[in-house]
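> Numbered per my numbering, the sequence shown spans residues 1402 to 1901. C-beta: ideal position from N, C-alpha, C; glycine also. Quick caveat: nothing in here was measured; it's all calculated off a predicted structure. First the structure, which I've put down as structure tokens, then a few questions once you've had a look.
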Amino acid sequence: MRKQIFIWLAVSLALAACSFWGEPTDATPTPGSETAVSPITPSATPTFPAAEITPAATGTAVPTATRTPTPLPPDLAITAEDVAIYPGPILYAGEKVSFIIKPFVPEPVIAEDVSVHLFLDGREVEQSSLSGRTLTADPIAVFAWAWPAAAGPHTVEIQLDRDDQIQAGDEDETNNRLSLAINVLTADSQPPLEQNAAWITTELSCCRVHVVNGTAAFRDLPDLLTVVETAVQQAVNKLHEPPERPLEIYFIDRIIGQGGYAGSEMVVSYLDRDYVGNELTQVITHEAIHLLDRQFAPQRIAFLAEGVAVWASDGHYWPQDLDRDNAALADAGEFVPLATLADDFYTHQHEIGYLEAAGFVNYLIELRGWNRFRLFYADVSDEDADTPAAALDLNLQQYYNRTLAQMEADWLAYLEDEPYRQTAVDEIETRLVYFETMRAYQQQYDPPAYFRTAWLPSPNAVREEGNPADLNRHPQDALNVTLEVMLATAITDLRDGRLR
Ligand SMILES: [Zn+2]
């Protein structure tokens, strides 16, 4: 694989300054310019991410690329990095603006007790509390479609605990307030395609497919509908579970996370500059599994849910030999113990977590068949024990007569007999490097694409209450285009097996 490309990309990501975020109010807004609206300051140091996306069915969001350093002493606080504004990175007059707030909440503070007030130009717009949660369980407040944007410069102000109800953990009140300057462009400066953007819905027997006119998905819709029918049928066949109602499928014109998410509906990225490299059938089948399995396993734990989705799609991103690749992963020294992985699944390295989960699911199904696995899958829930790993352990004993540790040892012994060649190890290692590089790009140059900073609202709610741009607009600067094209080239090489 083009390791030189990764090195070049890593250097570029580290060196180039990022300037498309909003600024505190002491900076002077430039009326009429393309001022950014989402004031997260990305980190130059990418952290190891994790999750894909099993999202916020409630329409809540996931913000903030990287935490700011913990204040000393720990104190409830908000900075510009803790606020994301949608749609972004440009706002036009007439759009309904959403604000996602993810402040620093120290240990003694109960997040639900923290009030959050939102002001626009000195006028209170809404109040809420930190009652939402991100994928990785960080507290957030979501003000969805809270303000109809008017052209010109504006001041956004956010206040935490305005009435000073919190004492322990909030000794310093001065860091509870934040002011941001934003600029809203006039509606007639919006690109013509976006001015006429609207959701178009196509009814199939399996699904309701939604695209926005003017996007790549709209252009390729006839072909997409064929793939949708095939992929959803694969999911139905794998689970032996027909949909109780048509599946809601949204194709969007930007990458979010690793290219898809699902709550009660599914969202799939479909665009010309796709740097995730998903095979379309794979990602649609994957997300369809997340919708279908809720019908019989609504409490399933993340480790098993993602494992089943990858297993049923015959691979992650593209077709994959799960036994071979898990054997190669272990040989590469990257294996994460299953108990560790099952707890806080989405905080672990994404590709490792998904591969191991799918391989383990595959092993259990090979061992005792789908029907036994399905009963087990539907029964494991976070309510069963103090941790997901303990719940897994308990249910494995019940359905497979083995503890988690015993079953893991059995599986690893089985993998030791699995033949593979060095190229599989190379492919796995390169895959990990690629996707960490990709997420470093997202963190630094398109934080709403990074799974920890992405807003993952219910697309039905977006269609009914929000703006098409909430899920479709994305940075299109020359730097973004250039880096995305390079990433897309690299992932195509990797997917096609051109490792050198
Ligand atoms: Zn998934």
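Which ranges does the alpha helix (DSSP H) cover as unbroken runs of at least 4 residues, wholly within the region 1713-1750, from first to last along the chain?
As far as the region 1713-1750 is concerned, its whole alpha helix (DSSP H) runs of at least 4 residues are 1723-1732, 1739-1743.
> Three-state secondary structure (DSSP) at A1582?
Working through the sequence shown from its first residue, we reach residue 1582 at position 181. Strand.
> Tell me the rounded alpha-carbon separation between I1753 and I1491.
Position 352 of the sequence shown, counting from 1, holds the residue named residue 1753. Position 90 of the sequence shown, counting from 1, holds the residue named residue 1491. About 35 Å.
> Residues bridged to R1524 by DSSP?
The residue labelled residue 1524 in the question sits at position 123 within the sequence shown. According to DSSP, which records beta bridges pairwise, R1524 is partnered with L1521.
> Rounded to the nearest angstrom, what separates R1701 and P1592 at their Cα positions?
Here the question's residue 1701 lines up with position 300 in the sequence shown. Here the question's residue 1592 lines up with position 191 in the sequence shown. Roughly 43 Å separates the two Cα atoms.
> Quick check on the burial criterion: 16 or more other C-beta atoms within 10 angstroms. Buried or exposed for D1794?
Position 393 of the sequence shown, counting from 1, holds the residue named residue 1794. By the 10 Å Cβ count, D1794 comes out buried.
> Tell me, please, which residues DSSP counts as bridged to S1530.
As a position in the sequence shown, residue 1530 is number 129, starting the count at 1. In DSSP, S1530 forms a bridge with S1516.
> Counting C-beta neighbours from all protein chains within 10 Å, is the total for T1627 16 or more, i.e. buried, or is it exposed?
As a position in the sequence shown, residue 1627 is number 226, starting the count at 1. The residue is exposed, with fewer than 16 neighbouring Cβ atoms inside 10 Å.
> If I measure Cβ to Cβ from Y1755 and keep anything under 6 Å in the same chain, skipping five residues before and after, which residues do I get?
Against the sequence shown, residue 1755 aligns to sequence position 354. Excluding sequence neighbours, Y1755 sits near E1707, V1711, H1717.
> Based on Cα-Cα distance, which residue from S1590, V1677, W1546, H1518 lies nearest to R1832?
Working through the sequence shown from its first residue, we reach residue 1832 at position 431. Selected option, being the one with the closest Cα: V1677.
> Once you ignore the five residues that flank F1449 on each side, which residues in its own chain have a CB closer than 6 Å to its CB?
Within the sequence shown, the letter at position 48 stands for residue 1449. Legend: pLDDT at F1449 = 27, less than 50; position of this residue unreliable, value from coordinates given subsequently. Result list for F1449: Q1750, in chain order.
> Rounded to whole angstroms, what's the CA-CA distance from T1748 to D1589? Just pull it up for me.
Within the sequence shown, numbered from 1, the residue matching residue 1748 stands at position 347. Within the sequence shown, numbered from 1, the residue matching residue 1589 stands at position 188. Spanning the two alpha carbons is a distance of roughly 43 Å.
> May I ask you to report which of helix, strand or coil DSSP gives P1554?
Here the question's residue 1554 lines up with position 153 in the sequence shown. Strand, per DSSP.
> Can you confirm whether the region 1768-1786 touches the region 1799-1818 when touching is taken to mean that 3 or more C-beta pairs between the two stretches lie within less than 8 Å?
yes
> Compute the Euclidean distance between the alpha carbons of D1780 and A1791, then round it to the nearest angstrom.
As a first step, residue 1780 must be located in the sequence shown, where it is residue number 379. As a first step, residue 1791 must be located in the sequence shown, where it is residue number 390. Cα to Cα, the separation comes out at about 13 Å.
> Taking contact to mean 3 or more Cβ pairs, one atom from each stretch, closer than 8 Å, check whether the region 1686-1697 and the region 1633-1640 are in contact.
yes
> CB-CB under 8 Å to G1523, same chain, minus the five flanking residues each way: which ones, in chain order?
Working through the sequence shown from its first residue, we reach residue 1523 at position 122. The beta carbon of G1523 lies closer than 8 Å to those of T1556, E1558 in the same chain, with the five residues before and after it left out.
> Restricting to runs no shorter than 4 residues, where is the alpha helix (DSSP H) found entirely within the region 1793-1879?
Segments of the alpha helix (DSSP H) lying fully in the region 1793-1879: 1805-1817, 1823-1846, 1860-1866, 1870-1873.
> Alpha carbon to alpha carbon, how far is T1890 from P1475? Give it in angstroms, no decimals.
Translated into the one-based positions of the sequence shown, residue 1475 becomes position 74. Translated into the one-based positions of the sequence shown, residue 1890 becomes position 489. Looking at the two C-alpha atoms, the distance is approximately 44 Å.
> On a CA-only basis, which of A1850, I1653, A1841 is nearest A1599? Give me that one, please.
On the sequence shown, position 198 is the one that residue 1599 refers to. Cα-wise, what sits closest to A1599 is I1653.
> Just to confirm, does A1710 get its C-beta within under 6 Å of one of the non-hydrogen atoms of ligand 1?
Your numbering for residue 1710 matches position 309 in the sequence shown. A1710: yes, Cβ under 6 Å from ligand 1.
> If I'm right that A1550 touches G1495 with Cβ under 8 Å, what's the distance once you round it to whole angstroms?
As a first step, residue 1550 must be located in the sequence shown, where it is residue number 149. As a first step, residue 1495 must be located in the sequence shown, where it is residue number 94. The Cβ separation is near 7 Å, so the contact holds.
> The beta strand (DSSP E) spanning A1636 covers which residue range?
One-based indexing of the sequence shown puts residue 1636 at position 235. Counting along the chain, A1636 falls outside any beta strand (DSSP E), though it belongs to the alpha helix (DSSP H) covering 1622-1640.
> Ligand 1 and E1752: does the residue's C-beta get closer than 6 Å to at least one heavy atom of that ligand?
By one-based count along the sequence shown, residue 1752 stands at place 351. Not under cutoff, so the answer is no.
> Tell me whether the beta-carbon of P1507 lies closer than 7 Å to the beta-carbon of G1570.
Residue mapping note: residue 1507 aligns to position 106 of the sequence shown, counting from 1. Residue mapping note: residue 1570 aligns to position 169 of the sequence shown, counting from 1. For P1507 and G1570, yes; Cβs fall inside 7 Å.
> Straight-line CA distance for D1644 to T1854?
As a first step, residue 1644 must be located in the sequence shown, where it is residue number 243. As a first step, residue 1854 must be located in the sequence shown, where it is residue number 453. Note that residue 1644 is Pro in the sequence shown, not Asp. P1644 and T1854 have their alpha carbons spaced roughly 31 Å apart.
> Can you tell me whether DSSP reads Y1778 as helix, strand or coil?
Counting from 1 along the sequence shown, the entry for residue 1778 is found at position 377. Under the three-state reduction of DSSP, Y1778 is assigned to helix.
> Let me confirm a value: R1864 is counted as buried when at least 16 other C-beta atoms fall within 10 Å, else exposed. Which label applies?
Here residue 1864 is taken as the residue at index 463 of the sequence shown, counted from 1. With 16 or more Cβ atoms within 10 Å of its Cβ, R1864 is classed as buried.
> Would you say the beta carbon of E1757 comes nearer than 6 Å to a heavy atom of ligand 1?
Locating residue 1757 in the sequence shown gives position 356, where the first residue counts as 1. No; taking the cut-off as 6 Å, the Cβ of E1757 has no heavy atom of ligand 1 nearer than that.
> Taking DSSP as the reference, what is the three-state secondary structure of F1652?
Counting from 1 along the sequence shown, the entry for residue 1652 is found at position 251. F1652 falls in the strand class under three-state DSSP.
> Can you say whether D1675 is buried or exposed, counting buried as having 16 or more other CB atoms within 10 angstroms of its CB?
Here residue 1675 is taken as the residue at index 274 of the sequence shown, counted from 1. Burial call: buried.
> Mind reading off the beta-carbon distance from V1526 to A1547? Whole number of angstroms is fine, and I expect it under 8 Å.
By one-based count along the sequence shown, residue 1526 stands at place 125. By one-based count along the sequence shown, residue 1547 stands at place 146. That belief holds up - the Cβ atoms of V1526 and A1547 are roughly 5 Å apart, short of 8 Å.
> With C-beta atoms as the reference, is A1515 less than 7 Å away from D1573?
Taking the first residue of the sequence shown as 1, we reach residue 1515 at position 114. Taking the first residue of the sequence shown as 1, we reach residue 1573 at position 172. Here residue 1515 is Val; the residue named in the question, Ala, does not match the sequence. No, Cβ-Cβ distance for V1515 and D1573 is not below 7 Å.
> According to DSSP, what are the bridge partners of I1502?
Taking the first residue of the sequence shown as 1, we reach residue 1502 at position 101. For I1502, which the question treats as bridged, DSSP gives the partners V1484, A1542.
> Nearest to P1858 by CA position, among D1897, A1552, D1787, A1663, is which residue?
The residue given as residue 1858 occupies position 457 in the sequence shown. Here the closest residue by C-alpha is A1663.
> Taking the beta strand (DSSP E) that A1663 belongs to, which residues open and close that run?
Looking up residue 1663 in the sequence shown gives position 262. Element bounds for A1663: 1661-1663.
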